[in-house]
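S.K.: In terms of the numbering used here, the sequence shown has 319 at position 48, counting the first letter as 1, and numbering is strictly consecutive.
Beta carbons are placed, not taken as given, at the ideal position from N, Cα and C, and that holds for glycine.
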Amino acid sequence: MIGTSAPRRRFTVLAALLFAAAATTQAAAAASASDVSGHCRESGYCVFSGASFTGARTVVPQSYGCHPVTDLGFPTARSAARGFGDGTALQLFADTACTTLAATVYHEVPATTAGSYRLMPIPA
Numbered sequence: 272m273i274g275t276s277a278p279r280r281r282f283t284v285l286a287a288l289l290f291a292a293a294a295t296t297q298a299a300a301a302a303s304a305s306d307v308s309g310h311c312r313e314s315g316y317c318v319f320s321g322a323s324f325t326g327a328r329t330v331v332p333q334s335y336g337c338h339p340v341t342d343l344g345f346p347t348a349r350s351a352a353r354g355f356g357d358g359t360a361l362q363l364f365a366d367t368a369c370t371t372l373a374a375t376v377y378h379e380v381p382a383t384t385a386g387s388y389r390l391m392p393i394p395a
């Protein structure tokens with residue numbers, strides 16, 4: 272009996288770990304579909320000139336590198352929202368040189384003061 276209980280315990284622990292990993296993967300897949308904000312039903316990300324998704328709205332162009340918000344047509348981004356997935360993450364910076372991180376947009380950022388932004392590819 273002693274020799275058979277250790278393999279059973281290992282099997283039980285392994286089965287529990289596999290079950291937990293599958294549950295985590297399903298939760299992550301469900302979360303990504305719900306990350307789209309109702310404030311940005313576009314491909315990519317939307318930024319707004321006003322807090323709480325007010326004012327002028329524009330879709331961030333799919334271009335890597337650091338860009339000043341003024342390129343989007345207003346001096347400061349005051350809020351931002353995620354649209355439909357495009358394989359990138361949007362980082363907002365307090366300055367115009369992308370050195371002081373203000374926020375990363377996962378779903379919505381209702382209040383920020385961003386002078387620049389950067390799209391980052393999400394590793395596959």
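#1: Around the Cβ of residue 350, are there at least 16 other Cβ atoms within 10 angstroms (buried) or fewer (exposed)?
#2: For residue 353 and residue 367, what's the separation of their Cα atoms in angstroms?
#3: Enumerate in chain order the residues of its own chain whose CB-to-CB distance from residue 362 is below 7 Å, with the five nearest sequence positions on each side excluded.
#4: In this structure, what does DSSP give as the bridge partners for residue 319?
#5: Comparing alpha-carbon positions, which option in 309, 358, 322 and 325 lies nearest residue 333?
#6: Checking 8 Å against the spacing of the C-beta atoms, do residue 347 and residue 384 come in under that value?
M.R.: In short:
#1: Within a 10 Å sphere around the beta-carbon of residue 350 sit 16 or more other beta-carbons, which makes this residue buried.
#2: Going by the C-alpha atoms only, they are around 21 Å apart.
#3: Around residue 362: 372, 375, 388, 389 and 391.
#4: Answer is 328 and 350, bridged to residue 319.
#5: With distances taken between Cα atoms, residue 333 lies closest to 358.
#6: Yes, the pair counts as a contact, with Cβ atoms nearer than the cut-off.
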